[in-house]
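Number of protein chains: 2
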Amino acid sequence: MELSERKKRILAAVVEQYIKTGEPVGSKNLLKVLDMNLSSATIRNEMAELSSMGLLDQPHTSAGRIPTSNGYRYYVDNLMGSQEIDETLRKKIEHAVSGAGTDPDKLLKKAGEVLADMTNCAAVSTMSVGENASIRRIETVPVGSHTAMIILLTSTGILKSRICRSDSEISTPLLERFYNITSALVGKSLGEVNITTMQTLAASMGSDAFSMLPLLAGVTELADEAAHMDVRLNGQSNLLNYRELEANVYELIDFLRRGEPLGHLITNGKSGVNITIGKENKFPQLENSSVILSRYSVNNQDGGSLGLIGPTRLDYAKLIPSVKYLTDLVGHILTKALEE
Amino acid sequence: MELSERKKRILAAVVEQYIKTGEPVGSKNLLKVLDMNLSSATIRNEMAELSSMGLLDQPHTSAGRIPTSNGYRYYVDNLMGSQEIDETLRKKIEHAVSGAGTDPDKLLKKAGEVLADMTNCAAVSTMSVGENASIRRIETVPVGSHTAMIILLTSTGILKSRICRSDSEISTPLLERFYNITSALVGKSLGEVNITTMQTLAASMGSDAFSMLPLLAGVTELADEAAHMDVRLNGQSNLLNYRELEANVYELIDFLRRGEPLGHLITNGKSGVNITIGKENKFPQLENSSVILSRYSVNNQDGGSLGLIGPTRLDYAKLIPSVKYLTDLVGHILTKALEE
DNA sequence: GTTAGCACTCTTAACGCCTGAGTGCTAACT
DNA sequence: AGTTAGCACTCAGGCGTTAAGAGTGCTAAC
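Protein sequence lines correspond, in order, to chains R and F.
Add 929 to the 1-based position in the first sequence for my numbering, that's all there is to it.
Add 929 to the 1-based position in the second sequence for my numbering, that's all there is to it.
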């Protein structure tokens, strides 16, 4: 779709104005912002055409225009200025993240918080990796005479641990034998830890099998857990501030709370920044929202993603670079933390 | 404050009716529920007295009555029936919790979820212990040549772990020496892990001090983290459903999100079930809400708490036993999991 | 002490009215 | 042919009025 230069300017102005005020923008109002030597009537004509092209919409006949999903899309793809991050935001991000240390869990938590705060939207963060991440290490630590802790570390630095209890006594030599047996799993992907693999392992345990079974079950659970998307949500309540979402906030927040469909959204993202605007979303609960998601990589492997969910009326020009910057930073920190 | 038998019945009926419908209850309406041989006029007289005693209130002159905080309080303390848990709820709780295994983190998460679901309120759960819990074990596990994982286990079964990175190489013998040094901390309370203790430890490290410092810092952080209340919040969005909270939901949800004041609330609770109704709450954000909190113990030590936050119009008779049952169950499971 | 009856209060919804913002269209202008 | 002034039209939102309904408090009688 090719637009005249003037239409582009008008569309951009409508989008930006609406993002700023949240009010439908009318022709006269636009005149003030545009400083083109035109009358409101001309603008009206142009806006009418943009409407019939499906880029602008009117809430009702006698109201100004607001951008449609397609309108935002055109703006984001073709008109939006500066892909550079705002200096103030950069500092804010750096300041928040630098205080979080290198522990992935803490780091992601902090990243989600700063994102939600900064954008006044809901933020999601995940450390998931899908099933392609591999097991880097499995450790056991005796805790009591019948309990042991199992620790699983993935190639992307995710740490999962669990206390397991066995009915029979757990001795240190037993744990050593268990360690040797499970070391066969190191290097395998999380997806490969399935019933078959575990049965093979169990078979090699001989007389230890009975005592080791709870531990082995623990390992399976941990692998499952690590592979399973762990979605963290921040700042849902920010969404309550947006008039345009009001009608369905409850549905929206409820949708976000059930992490699972959100997982889909995240998994489907390509690398780089993914932007889904309004009706482009597959989920009806999101049809009035936009989602900006970006993945980060740890050790050149996909490490997880960060993103935000807000009204379609987002300040894309500002937020997209911020999200990108934040994810890159997180990926960088985590990679460095894992360096040998 | 002593009430006539008839006033008691009327107050109880108003409370129960209002809990059920959420509408101010009028004299005629009450008549249907009460099946006493009285006219609405008599009831009106009684209600007028209950109002002047501060137990009932009117939203406006021509509306029915709703209970005041004191009214609810009187009801809970003196009038409320059955402290027995509802069989359906018991099954629901047991079913949910039994699927969660014995891992404290997972268990508490599940407990919070079921509580929020069951009650249609916001649920809080914490594994905190304050600073009196002691350190049960500190373990280190090598991860890479410059990284190690530190694991801290408390007497109440809380497990905290962290990946630490040192600029100098971390060898296995070094970790062994570190283990020996830190074993001095085992048995100490979390509160005792302060700068002074750590400096003493650092002093005993000799030439290892430089390489061990990041690890030691990690231990301190973990102890802090374990001592620090970890408040988990579920089902905030449930609160959006209550008309009577509508005016301040945003403030309320925002208040809950900042876990810290919530922490106060929780810490101040006595053992057993704590109920705070409406204006009894210290925090203005909670003046239209009620809080039901209950602590659980692990190994006869205080292990944390579970609770819910909703409108004052809660079904106390049903929820109080449920919360109590759930906390007892959680405490029981966790105690058993730690048994030697 | 209880009750019937009544006047009174107050909320809520519905209705009509008005205003202001904004539009689309037409006819004139450059 | 593109631009503009002007005008009739539409519609949301605010405001006051009205009517209905729920519920009360009070009084006088039982």
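The beta-carbon is built from N, C-alpha and C at its ideal position, and this holds for glycine as well.
Just so it is clear, the structure is predicted and the values come from calculations on it, not from any experiment.
By the 10 Å Cβ neighbour count, where 16 or more other Cβ atoms means buried, how is residue i classified, buried or exposed?
{"i": "VAL962/R", "result": "exposed"}
{"i": "ILE1079/F", "result": "buried"}
{"i": "LYS1211/F", "result": "exposed"}
{"i": "ALA970/F", "result": "exposed"}
{"i": "THR1205/F", "result": "buried"}
{"i": "ASN1061/F", "result": "exposed"}
{"i": "ILE992/F", "result": "Sequence inspection shows Ala at residue 992/F; the Ile mentioned does not correspond to that position. Exposed, since its Cβ has fewer than 16 Cβ neighbours within 10 Å."}
{"i": "ARG1047/F", "result": "Just to set this straight, residue 1047/F is Met in the shown sequence, not Arg. So MET1047/F counts as buried."}
{"i": "TYR1245/F", "result": "buried"}
{"i": "VAL1178/R", "result": "buried"}
{"i": "SER956/F", "result": "buried"}
{"i": "GLN1128/R", "result": "exposed"}
{"i": "ARG1172/R", "result": "exposed"}
{"i": "PRO1240/R", "result": "buried"}
{"i": "TYR1108/R", "result": "exposed"}
{"i": "THR990/F", "result": "exposed"}
{"i": "ALA1176/F", "result": "exposed"}
{"i": "ASP1032/F", "result": "buried"}
{"i": "SER1112/F", "result": "exposed"}
{"i": "GLY1116/F", "result": "exposed"}
{"i": "ALA1132/R", "result": "exposed"}
{"i": "SER1166/R", "result": "buried"}
{"i": "GLY1084/F", "result": "For the sequence presented, residue 1084/F should be read as Ser rather than Gly. SER1084/F is buried by the Cβ-count criterion."}
{"i": "SER1140/R", "result": "buried"}
{"i": "GLY1207/F", "result": "buried"}
Cutting at 6 angstroms between CB atoms, please list the residues of its own chain near residue i, excluding the five before and the five after it.
{"i": "PHE1184/F", "result": "GLN1214"}
{"i": "PRO1143/R", "result": "CYS1093 and SER1095"}
{"i": "SER1074/R", "result": "GLU1098"}
{"i": "SER1226/F", "result": "GLY1232 and GLY1260"}
{"i": "ALA1152/F", "result": "LEU1119 and VAL1122"}
{"i": "LEU1243/R", "result": "SER1219"}
{"i": "GLY1188/R", "result": "VAL1160"}
{"i": "TYR1164/F", "result": "The question names Tyr, yet the displayed sequence has Gly at residue 1164/F. Excluding residues within five positions, the ones whose Cβ falls inside 6 angstroms are ALA1045, ALA1051 and ALA1052."}
{"i": "ASN1203/R", "result": "LEU1222"}
{"i": "LYS1038/F", "result": "none"}
{"i": "THR1264/R", "result": "VAL1227 and ASN1228"}
Could you name the residues of the same chain whose beta carbon sits closer than 8 angstroms to that of residue i, not counting the 5 residues immediately before and after it, in chain order?
{"i": "ASN1170/R", "result": "ASN1049"}
{"i": "LEU985/F", "result": "LEU940, VAL943, MET976, LEU979, ARG994, ILE995, PRO996, THR997 and GLY1000"}
{"i": "LYS936/F", "result": "GLU975, GLU978 and LEU979"}
{"i": "MET965/R", "result": "ARG935 and ARG938"}
{"i": "ILE1195/R", "result": "VAL1053, THR1055, SER1057, MET1158, VAL1160, LEU1222, SER1234 and GLY1236"}
{"i": "GLU1209/R", "result": "SER998 and ARG1002"}
{"i": "LYS1021/R", "result": "VAL1043 and MET1047"}
{"i": "PRO988/R", "result": "PRO953 and ILE995"}
Quick one: what's residue i bridged to in DSSP?
{"i": "ASN1203/R", "result": "LEU1222/R"}
{"i": "LEU1235/R", "result": "SER1054/R and SER1223/R"}
{"i": "ILE1067/F", "result": "LEU1081/F"}
{"i": "GLN921/R", "result": "Absent from the structure is residue 921/R, since the part of chain R shown begins at 930 and ends at 1269."}
{"i": "ARG1094/R", "result": "THR1076/R"}
{"i": "ILE1099/R", "result": "Note: ILE1099/R sits in no beta bridge, so no partner."}
{"i": "ASP986/R", "result": "ILE995/R"}
{"i": "VAL954/R", "result": "ARG994/R"}
{"i": "LYS1089/R", "result": "LEU1081/R"}
{"i": "SER1118/R", "result": "SER1063/R"}
{"i": "PRO1190/R", "result": "Bridge partners of PRO1190/R: none, in fact."}
Tell me which same chain residues have a C-beta within less than 7 angstroms of the C-beta of residue i, skipping the five on either side of it?
{"i": "GLU1154/F", "result": "LYS1089"}
{"i": "ASP1137/R", "result": "LEU1103 and ARG1106"}
{"i": "PRO1250/R", "result": "GLN1012, GLU1013 and ILE1014"}
{"i": "THR1040/R", "result": "Sequence inspection shows Ala at residue 1040/R; the Thr mentioned does not correspond to that position. Excluding residues within five positions, the ones whose Cβ falls inside 7 angstroms are VAL1026, SER1054, LEU1235, LEU1255 and VAL1259."}
{"i": "GLN1230/F", "result": "ALA1062, SER1084 and THR1085"}
Using a Cβ-based criterion (distance less than 7 angstroms to any ligand heavy atom), does residue i qualify as near the ligand ADP?
{"i": "ILE1238/R", "result": "Because no ligand of any kind appears in the structure shown, any question about the ligand ADP cannot be addressed here."}
Would the region 973 to 983 of chain F count as touching the region 1004 to 1018 of chain F if we require 3 or more Cβ pairs under 8 angstroms? Under the Cβ criterion (8 angstroms, minimum of three pairs), the region 973 to 983 of chain F does not count as touching the region 1004 to 1018 of chain F.
Just to confirm the assignment: which complete beta strand (DSSP E) runs, minimum length 3, are found wholly within the region 1122 to 1187 of chain F? Restricting attention to beta strand (DSSP E) runs no shorter than 3 residues, the region 1122 to 1187 of chain F encloses them at 1160 to 1163, ordered along the chain.
At 4 residues or longer, and completely inside the region 989 to 1063 of chain R: list those alpha helix (DSSP H) runs for me, N to C. Complete alpha helix (DSSP H) runs here, min 4: 998 to 1003, 1016 to 1027 and 1033 to 1048.
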